[in-house]
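What follows is one structure encoded as structure tokens, with my remarks underneath.
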Amino acid sequence: MSSEENAIGIDLGSTYSCVGVWQNDRVEIIANDLGNRTTPSYVAFTETERLIGDAAKNQASINPQNTVFNAKRLIGRSFNDHEIKIDLEHWPFKVIEKNENPYIQVKFKGERKNFTPIEISSMILIKMKKTAESFLGSKVSNAVITSPACFNDSQRQAIKDACEIAGLKVLRIINEATAAAIAYGLDKKHDGERNVLIYDLGGGSFDVSLLTIEDGIFEVKAVAGDTHLGGEDFDNRLVNHCVQKFQRKYKKDLTTNARSFQRLRIACEQAKRELSFSLQTCIKIDSLFEGIDFYTNLTRAKFEQLNRSLFQNTMEPIEKVLRDSRIDKSQIHEIVLVGGSTRIPKIQKMAMAYGAAIQAAILSGDTSEKTRDFLLLDVTALSLGFETSGDVMMPLIKRNTTIPTKKSEIISNSDNQQEVMIHIYEGEHARIKDNNFLGKFELTGIPTAPRGLPQIEVTFDIDVSAVDIMTGRSNKITITNDKGRLSRNEVARMVAEAKLYLEEDEKVAQKIRARNRLESYVFELCNTLYDQKLAMNQLEDQIEKSITLLENNKHVGKEEYDNIQRSLEQSVDQIVTRWR
Numbered sequence: 385m386s387s388e389e390n391a392i393g394i395d396l397g398s399t400y401s402c403v404g405v406w407q408n409d410r411v412e413i414i415a416n417d418l419g420n421r422t423t424p425s426y427v428a429f430t431e432t433e434r435l436i437g438d439a440a441k442n443q444a445s446i447n448p449q450n451t452v453f454n455a456k457r458l459i460g461r462s463f464n465d466h467e468i469k470i471d472l473e474h475w476p477f478k479v480i481e482k483n484e485n486p487y488i489q490v491k492f493k494g495e496r497k498n499f500t501p502i503e504i505s506s507m508i509l510i511k512m513k514k515t516a517e518s519f520l521g522s523k524v525s526n527a528v529i530t531s532p533a534c535f536n537d538s539q540r541q542a543i544k545d546a547c548e549i550a551g552l553k554v555l556r557i558i559n560e561a562t563a564a565a566i567a568y569g570l571d572k573k574h575d576g577e578r579n580v581l582i583y584d585l586g587g588g589s590f591d592v593s594l595l596t597i598e599d600g601i602f603e604v605k606a607v608a609g610d611t612h613l614g615g616e617d618f619d620n621r622l623v624n625h626c627v628q629k630f631q632r633k634y635k636k637d638l639t640t641n642a643r644s645f646q647r648l649r650i651a652c653e654q655a656k657r658e659l660s661f662s663l664q665t666c667i668k669i670d671s672l673f674e675g676i677d678f679y680t681n682l683t684r685a686k687f688e689q690l691n692r693s694l695f696q697n698t699m700e701p702i703e704k705v706l707r708d709s710r711i712d713k714s715q716i717h718e719i720v721l722v723g724g725s726t727r728i729p730k731i732q733k734m735a736m737a738y739g740a741a742i743q744a745a746i747l748s749g750d751t752s753e754k755t756r757d758f759l760l761l762d763v764t765a766l767s768l769g770f771e772t773s774g775d776v777m778m779p780l781i782k783r784n785t786t787i788p789t790k791k792s793e794i795i796s797n798s799d800n801q802q803e804v805m806i807h808i809y810e811g812e813h814a815r816i817k818d819n820n821f822l823g824k825f826e827l828t829g830i831p832t833a834p835r836g837l838p839q840i841e842v843t844f845d846i847d848v849s850a851v852d853i854m855t856g857r858s859n860k861i862t863i864t865n866d867k868g869r870l871s872r873n874e875v876a877r878m879v880a881e882a883k884l885y886l887e888e889d890e891k892v893a894q895k896i897r898a899r900n901r902l903e904s905y906v907f908e909l910c911n912t913l914y915d916q917k918l919a920m921n922q923l924e925d926q927i928e929k930s931i932t933l934l935e936n937n938k939h940v941g942k943e944e945y946d947n948i949q950r951s952l953e954q955s956v957d958q959i960v961t962r963w964r
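Using our numbering, the letters of the sequence shown correspond one by one to residues 385 to 964.
See the structure below:
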């Protein structure tokens with residue numbers, strides 16, 4: 385990759401996403417088309433168009449079944465996951481099961497459509513990519529993407545698939561808390577080694593990382609977290625509280641109406657935000673359900689009571705990283721709070737994209753003095769190992785091992801066994817059935833010999849290989865976890881569909897621009913004719929027809945709008961020529 389080619393950093397969030405780029409020795413967090421530096425991770429489908437970001441979220445209350453959010457909570461997961469079952473109770477859109485994978489079902493342009501979480505995520509990534517391209521004035525194809533530290537291999541591979549569909553080459557997937565640490569450390573110059581704890585509580589996930597920073601070297605000592613703990617869960621507790629209150633008072637279940645449920649959810653999210661700087665707020669929704677108005681006071685103390693157990697759940701990962709890193713609380717120099725759910729001003733939410741943008745600059749060959757001496761030493765979030773006798777996993781690379789890394793283990797086979805199958809897993813459980821299967825491969829051609837004599841060296845180097853030491857015969861596998869993953873044909877189809885959707889989006893945008901041009905021209909023309917006291921009767925019929933069309937017909941195409949405007953312009957030219 386040319387050092388002149390821009391690489392971007394994207395924080396793909398559960399609730400909000402943002403994008404940054406390294407320019408002029410600093411990170412620029414790029415504003416979207418509405419001037420906002422964070423974009424809602426929402427995608428909506430209507431009878432006429434697809435909406436992404438702010439436009440999608442703004443219409444969520446009137447189109448709840450076809451407005452998709454929280455796709456990141458589905459990505460890389462099985463439909464039967466316990467966490468998904470819980471989330472389904474709170475989502476107004478429909479999620480169905482196909483081959484044990486979750487699919488989001490919506491109505492788009494009058495048809496039922498099924499989208500994978502990967503496709504929805506790719507649409508958000510395309511939005512981020514286009515935002516960066518508009519700012520830079522050039523195409524972008526390389527990116528560093530953030531992910532929760534505790535995402536497993538399936539979830540990380542799913543993010544890579546989403547990037548491929550979006551036309552992005554992934555330079556690296558970086559842990560969100562690690563990205564925040566890079567952003568924190570960029571302008572912090574301290575003498576000696578400093579231990580920094582990153583507490584990252586976002587909209588959908590919670591991460592804790594403990595890093596040692598010294599002379600531009602960022603060494604991750606330990607990571608922990610919860611992929612299903614964040615602001616959305618706080619919202620859910622508050623929504624449930626309001627639903628129960630409504631039920632007790634009016635004996636009606638408002639969850640049976642998707643629009644009412646979504647309106648309540650939006651109001652609860654707003655109340656949560658207000659409680660970040662106020663001790664008390666109120667939730668007031670006119671005609672929430674069957675014409676009934678809903679009003680309730682809410683104190684910060686009540687909100688904290690509703691979410692006490694969730695707040696408490698953030699403590700265990702902190703204790704875990706301290707144990708794993710063998711660092712005492714008293715040795716922590718600083719704690720960095722990141723993410724909207726930490727009740728810190730929203731600029732903290734940008735820290736992940738900020739750190740990812742710095743990492744993208746480093747990986748793309750940026751020669752800035754500020755990034756030149758940076759070295760990031762990250763760790764494995766889960767242990768990696770292989771199956772041994774008794775369905776037990778032998779961990780070879782343990783959780784929180786600094787990567788890249790390479791480790792080997794000598795094993796043997798049974799009496800006269802001429803081939804051996806190596807099964808690769810990730811996870812922390814002793815039994816393989818409780819861990820995540822990654823892949824398998826076979827080593828063949830082993831000479832017949834008694835048990836224990838053949839010595840087989842299994843090496844994990846992110847790629848996994850096995851060698852028969854006596855004969856030198858070897859085999860290896862590059863882990864590309866296929867469980868729940870898209871096939872290459874499916875990815876190719878989705879890439880083609882993504883291009884088609886982009887073309888359709890552009891046609892809609894062109895139509896809207898043509899309509900706006902005609903509308904502006906018609907009303908400017910009316911004002912000019914009135915101001916100049918010109919003979920309006922010569923144009924009155926054309927103008928009236930144009931105004932009627934603008935007000936009553938939303939299905940006119942770009943060409944018809946352009947034709948009407950050209951006809952009006954020609955008529956005006958003829959009148960002006962005669963008046964001369």
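We put the CB at the ideal spot given by N, CA and C, even for glycine. Everything numeric in this text was worked out from a predicted model, so none of it was measured.
query	result
Distance CB(Gly614)-CB(Lys656) smaller than 9 Å	no
Nearest candidate by alpha-carbon position, reference Glu622, set Gly419, Arg556, Gly609 and Arg649	Before going further, note that residue 622 is Leu rather than Glu in the sequence given. Checking every option, the nearest Cα to that of Leu622 belongs to Arg649.
Expected contact under 8 Å - CB spacing of Ser767 and Glu812 to nearest Å	6 Å
Short CB-CB distance (under 9 Å) between Gln489 and chain D	Absent here is chain D; the protein component of the structure consists of one chain.
Alpha-carbon spacing of Ala893 relative to Tyr945, whole angstroms	13 Å
Selected residue, minimal CA-CA separation from Thr698, among Leu472, Asp617 and Ile529	Asp617
Counted within 10 angstroms of its Cβ, other Cβ atoms place Asn454 as buried (16 or more) or exposed	buried
Euclidean distance between Cα positions of Ala415 and Leu555	23 Å
Arg578, DSSP secondary structure in three states	strand
Helix, strand or coil at Lys523 according to DSSP, with G and I counted as helix	coil
Option nearest Ser968 by Cα separation, candidates Thr596, Val956 and Met878	Outside the shown range of the chain, which is 385 to 964, sits residue 968, and nothing can be said about it.
Cβ pair Gly823, Ile840 closer than 9 Å	no
Assigned exposure category for Asn896 - 16 Cβ within 10 Å defines buried	For clarity, residue 896 is Ile in the given sequence; the question names Asn instead. Under this definition Ile896 is an exposed residue.
Simplified DSSP assignment, three categories, for Ala744	helix
Identity of the residues DSSP links to Gln407 by a beta bridge	Arg410
Cβ neighbour criterion (16 or more within 10 Å) applied to Leu672	buried
Per-residue burial, Ser538 [other beta carbons within 10 Å of its own, 16 or more giving buried]	buried
Alpha-carbon spacing of Asn947 relative to Leu933, whole angstroms	13 Å
Pro701 - containing beta strand (DSSP E), residue span	Element bounds for Pro701: not the beta strand (DSSP E) but the alpha helix (DSSP H), Met699 to Ser709.
At least 3 beta-carbon pairs within less than 8 Å: the segment 451-471 vs the segment 496-512	yes
Extent of the continuous alpha helix (DSSP H) run through Arg657	Ala642 to Glu658
Of the residues Ala527, Leu581 and Gly586, the one placed nearest Ile557, counting alpha carbons only	Ala527
Residue(s) in a DSSP beta bridge with Met512	Met512 is not bridged to any residue.
Straight-line gap, Ala391 to Phe907 (C-alpha atoms, nearest Å)	45 Å
Cβ separation of Asn536 and Glu771, assumed to be a contact under 8 Å, to the nearest whole Å	Going by Cβ atoms, the distance from Asn536 to Glu771 rounds to 17 Å, so no, they are not a contact pair.
Exposure label - Thr423; buried when at least 16 CB within 10 Å	buried
Residues that DSSP places opposite His807 in a beta bridge	Lys824
Strand pairing of Ala606, partner residues [DSSP]	Leu594
Buried/exposed call for Asp471, threshold 16 Cβ in 10 Å	buried
Spatially closest choice to Gly941 from Leu952, Ile931, Ala898 and Gln958, by CA coordinates	Ala898
Bridge partner(s) assigned by DSSP for Gln664	Thr683
Lys493 in three-state terms, based on DSSP	coil
Phe618: first and last residue of the uninterrupted alpha helix (DSSP H) it sits in	Gly615 to Tyr634
Where Cys534 falls: helix, strand or coil (DSSP)	coil
Beta-carbon proximity of Ala608 to Pro701, cut-off 9 Å	yes
Cross-strand partners of Thr423 (DSSP beta bridge)	Ser401
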